[in-house]
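Those protein sequence lines, which keep their order, are chains A and V. Sequential numbering from 296 applies to the first sequence in this note's numbering. Sequential numbering from 113 applies to the second sequence in this note's numbering. Working notes for the structure below.
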Amino acid sequence: MLKLEIDPGLKQRARSAAAKIAGSFNWLFDEYSSLTIERTVLRFLGIDGALKDGKPLPNVVVDHLHAKQALANGTAIPVAKAMLSGNLTAQSVAEAVGRGDLDLTNLPSVPPQEIFEVLDGLSAKMLKHIRTQRETREQLFQRFGPRRVPAIYVIVATGNIYEDVVQAKAAAAEGADIIAVIRSTAQSLLDYVPYGATTVGFGGTYATQENFRIMRAALDEVSEDQQRYISLTNYASGLCMPEIAAMGAMERLDLMLNDAMYGILFRDINPKRTLLDQYFSRMINACAGIEIQTGEDNYLTTSDAVEKAYTVTASQLLNEQFALLSGVKPEKMGLGHAYEIDPELESSFSYELAHALLTRELFPDSPVKYMPPTKFASGNIFKTHLMDAMFNFTGQLTHQGVQLLGMMTEAIHTPHLADRSLAIENAQYIFKAVKDLDASLSLAPDSFVNTRANSVLREAVEFLERVAEEGLFTAMARGEFADIKRPENGGKGLDGVFRKGADYFNPFLDKMKQELGL
Amino acid sequence: MTKKDIIRPYGDTSGDGKMQISFSLPVPADAFGKEAARLLLKQIGFDDIEICGMRDLREGYTHFIAYVVTSAAVDASRIKVKVVETPVMGMEATDEYIRENIGHEITVVGACIESDAHTVGIDAIMNMKGYNHRYGLERYQYFNAINLGAQVPCEDLLQRARAEKADVILVSQVVTQKNIHIKNLTKLIELAEAEQLRDKMLFICGGPRISHELAIELGYDAGFGTGSYATDVASYIAITLAGKIVKG
Chain A
296 MLKLEIDPGL KQRARSAAAK IAGSFNWLFD EYSSLTIERT VLRFLGIDGA LKDGKPLPNV
356 VVDHLHAKQA LANGTAIPVA KAMLSGNLTA QSVAEAVGRG DLDLTNLPSV PPQEIFEVLD
416 GLSAKMLKHI RTQRETREQL FQRFGPRRVP AIYVIVATGN IYEDVVQAKA AAAEGADIIA
476 VIRSTAQSLL DYVPYGATTV GFGGTYATQE NFRIMRAALD EVSEDQQRYI SLTNYASGLC
536 MPEIAAMGAM ERLDLMLNDA MYGILFRDIN PKRTLLDQYF SRMINACAGI EIQTGEDNYL
596 TTSDAVEKAY TVTASQLLNE QFALLSGVKP EKMGLGHAYE IDPELESSFS YELAHALLTR
656 ELFPDSPVKY MPPTKFASGN IFKTHLMDAM FNFTGQLTHQ GVQLLGMMTE AIHTPHLADR
716 SLAIENAQYI FKAVKDLDAS LSLAPDSFVN TRANSVLREA VEFLERVAEE GLFTAMARGE
776 FADIKRPENG GKGLDGVFRK GADYFNPFLD KMKQELGL
Chain V
113 MTKKDIIRPY GDTSGDGKMQ ISFSLPVPAD AFGKEAARLL LKQIGFDDIE ICGMRDLREG
173 YTHFIAYVVT SAAVDASRIK VKVVETPVMG MEATDEYIRE NIGHEITVVG ACIESDAHTV
233 GIDAIMNMKG YNHRYGLERY QYFNAINLGA QVPCEDLLQR ARAEKADVIL VSQVVTQKNI
293 HIKNLTKLIE LAEAEQLRDK MLFICGGPRI SHELAIELGY DAGFGTGSYA TDVASYIAIT
353 LAGKIVKG
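Following this line, the structure appears as structure tokens:
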């Protein structure tokens, strides 16, 4: 049995340092909200659609209240008030605001009792819908059987959702278990979610609720054909993290990229905004039974995979603790890591084996997400295909939860149909060839792999203990993470964070906390 | 083989013209599909077409792998290429060169422009740590490297370059689809010309789909493709700017 011998004391120290760091943000989670959290509330109340110029109605309503400095108590109460006084649906309230016919700060008074009744009804209805979607997924998995381990995860990224459907269906028929629709590259920094089906994107396809619906329907069809449940994933990240989580919950996406710190470090989004948004978005994912995935691979795309291996471990531990605070269960935490080692390094495979086993050892219940070589993928597609094979070998040998397949044309273009097909063929061949090989192998106690794994964990522990001492924001501001300095009040989206008023109310936050036992 | 020769593809015998081709067609993986692939290759002008691999990609598509023979040949004496011709120096040598020939710090403002969110290229050239054992420009004593990061609008990049009195603008385009990188790069140059900045600084672009030739064609001073390091870019900048001072 291929298993590491890890110092249990180190594991203990690692978790308690990470818990201390994540546990120091109650002030933020309890006392603040953000524009995108409020837009999420509106979407959950049933507001959708956009103005002629493309501005989504949830943005219209939130901006309307924000401009009048009337957002402190949230959006739910004014919208419910307008519904009651005009006998309107939430959608028609938003449309009236969009036309300029309705001022939400100038409404006749309504007994609070009635407001809370309306919101109670609407939130119960939406949460029931989300629960039903979760149960549908569970039933489908029961009917078709569980996902394979490692699951085969591939991306589609044509920019056109209808073209994506063709590619996704072909990939599923070839053996893919999870389809990711990569977003258009500019989307993470948009402070709104585009509306409707889209056919133009760059490096990917816009995440919109309609696009989610189109792809989910196509994959449901393929699942029937293949008698295998094909999962769908997207990205609850960037400036609209909780809104995208909400859309995914409503449309039965099965996984979501949802990292606690990625936006801060790699997209220069404000630290407070990111942590706040991830707190609520992960709660939505938890209620919807959506498996979250984290982006630790990014630490290694510019830094050295050996020297900075501990940053991956540290981030995994922090992502785990933040996820627990939002009610995400370990079996729904797809913590990330990556095979980004320099192929010129002697014994590169032994290093990667140590790192891959360490992740599995630390998070035995998690469907860990393993990312492929990208940094050393050159235009030499033959070499890249070979590196992907080594990556697939490691994935099966160490039973990673999700194998995000490498493409031989990485660094050249978004995958062509044949590229994806060859990647699936590569994975299937190797997964089959070494299926249970690990059961026949064991590591010598003083082997390089054991020693290396312990030393990476030790570095991670020392790092986390240092961060716990000085605080996460201070450490980020000093560039302790990914060598990038991110000050607490810098980055994009800080002006979208506000302190809650005394009468703030978000019916979904309260009910979800209750449902998740938080 | 000397450069005067006629150049033909080589399989295992001189001049055999063998090439390896792979492509996909919207046809079924059967005799009909295979014939479609063969006819396509014939129409391109290949001979001895041998379709050795045919893989069903599902949804009505098929992948073909073929070996073919071409009668095409290239006259080596007619090949003209544009490459960055300045020699490449290490970091210390470049700093020393700048100290002697320019005598002051060179300001470089860099960014991934417009839709591109992938900073891996610009970071590899500009950030302190660099890439693959070559330190980035930040580490150089004689470079003031300002990396604006991802998704920077062209307008903002030019404004910052003006404010910093930059000597060089460095643009990276990594992720591209449907030639968006060309549109983005063109936009930057057109704006720079409109704002009369084009001749005030060096414009350099880089990325996996960029060649020096493409860069020149788009109106840039130089372009750096895959496999370029900070040492290549730094040496080019130092030598080119020094040359301008001499000519100046």
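Glycine included, each C-beta is placed from N, C-alpha and C at the ideal position. What you are looking at is a predicted structure, and each value in this text was computed from that prediction instead of being measured.
- Interface with chain V (7 Å Cβ-Cβ cutoff): A541(A) is excluded.
- When secondary structure is reduced to three states using DSSP, Q253(V) falls in the coil class, being assigned neither helix nor strand.
- Residues of the same chain with a CB within less than 6 Å of the CB of A365(A), apart from the 5 flanking positions on each side, are T400 in chain order.
- Under the 7 Å criterion on CB atoms, K787(A) is classed as non-interfacial with respect to chain V.
- Contact between L652(A) and T693(A) holds, since their C-beta atoms are separated by about 5 Å, short of 8 Å.
- Under the three-pair Cβ rule at 8 Å, the segment 204 to 218 of chain V counts as touching the segment 346 to 359 of chain V.
- Look at A223(V): its C-beta is not under 7 Å from any C-beta on chain A.
- Comparing alpha-carbon positions, the option among A312(A), K298(A) and L297(A) lying closest to G304(A) turns out to be A312(A).
- In this model, M201(V) and L300(V) are separated by some 29 Å (Cα to Cα).
- About 5 Å separates the CB atoms of S134(V) and I177(V); that is less than 8 Å, so the two are in contact.
- V286(V) places its beta carbon less than 7 Å from that of G233(V).
- Within chain A, T480, A481, F497 and G498 have C-beta atoms less than 9 Å from the C-beta of D228(V), given in sequence order.
- Between G701(A) and F686(A), the C-beta gap is smaller than 7 Å, which places the two residues in contact.
- With contact defined as three or more Cβ pairs closer than 8 Å, the segment 191 to 206 of chain V and the segment 324 to 333 of chain V are in contact.
- Judged by DSSP in its simplified three-state form, E705(A) adopts coil rather than helix or strand.
- Rounded to the nearest angstrom, the gap between the Cα atoms of M703(A) and P667(A) is 10 Å.
- Contact with chain A is absent for H293(V), since none of that chain's Cβ atoms lies less than 7 Å from the residue's Cβ.
- Residue-level contact check: E171(V) touches chain A, since one or more beta carbons of chain A fall below 7 Å from its beta carbon.
- Excluding its 5 nearest sequence neighbours in each direction, S621(A) has C-beta neighbours in its own chain below 7 Å: Y574, R577, M578 and A581, listed in chain order.
- Shortest Cα-Cα distance from K146(V) to any of P320(V), S189(V) and R167(V) involves R167(V).
- Within chain V, no C-beta atom comes nearer than 9 Å to that of E635(A); the closest sits roughly 11 Å away.
- For V232(V), at least one C-beta of chain A is nearer than 7 Å to its own C-beta.
- At least one CB atom of chain V sits nearer than 7 Å to the CB of E469(A).
- Here DSSP, grouped into helix, strand and coil, assigns R442(A) to coil.
- The segment 757 to 774 of chain A and the segment 726 to 736 of chain A do not touch, with fewer than 3 CB-CB distances between them shorter than 8 Å.
- Taking G416(A) as the centre and dropping the five residues before and after it, the same chain places no C-beta closer than 6 Å to its C-beta.
- Judged by DSSP in its simplified three-state form, H424(A) adopts helix.
- The residues V220, M238, L249 and E250, in chain order, have a CB closer than 6 Å to that of A257(V) in the same chain once the five nearest residues on each side in sequence are set aside.
- Within the same chain, Cβ atoms closer than 6 Å to the Cβ of T453(A) are found at D459, the five residues on either side in sequence being excluded.
- DSSP, read as helix, strand or coil, puts L548(A) in coil.
- Residue pairing for T174(V): DSSP places it in a beta bridge opposite L137(V) and D168(V).
- By the Cβ criterion, the segment 652 to 661 of chain A is in contact with the segment 737 to 755 of chain A, since at least three pairs of Cβ atoms, one from each stretch, lie closer than 8 Å.
- When the five nearest sequence neighbours on each side are left out, the beta carbons in the same chain lying within less than 8 Å of the beta carbon of V374(A) are those of L337, L340, I342, V356, A385, V388, A389 and L399, in order along the chain.
- Between the beta-carbon of G393(A) and that of L352(A) there is about 6 Å, and that keeps the pair under the 8 Å contact cut.
- Exclusion of the five residues before and after L422(A) leaves C582, F803, K806, M807 and E810 as the residues of its chain whose Cβ lies within less than 8 Å of its Cβ.
- Going by C-alpha positions, T494(A) is about 15 Å away from I292(V).
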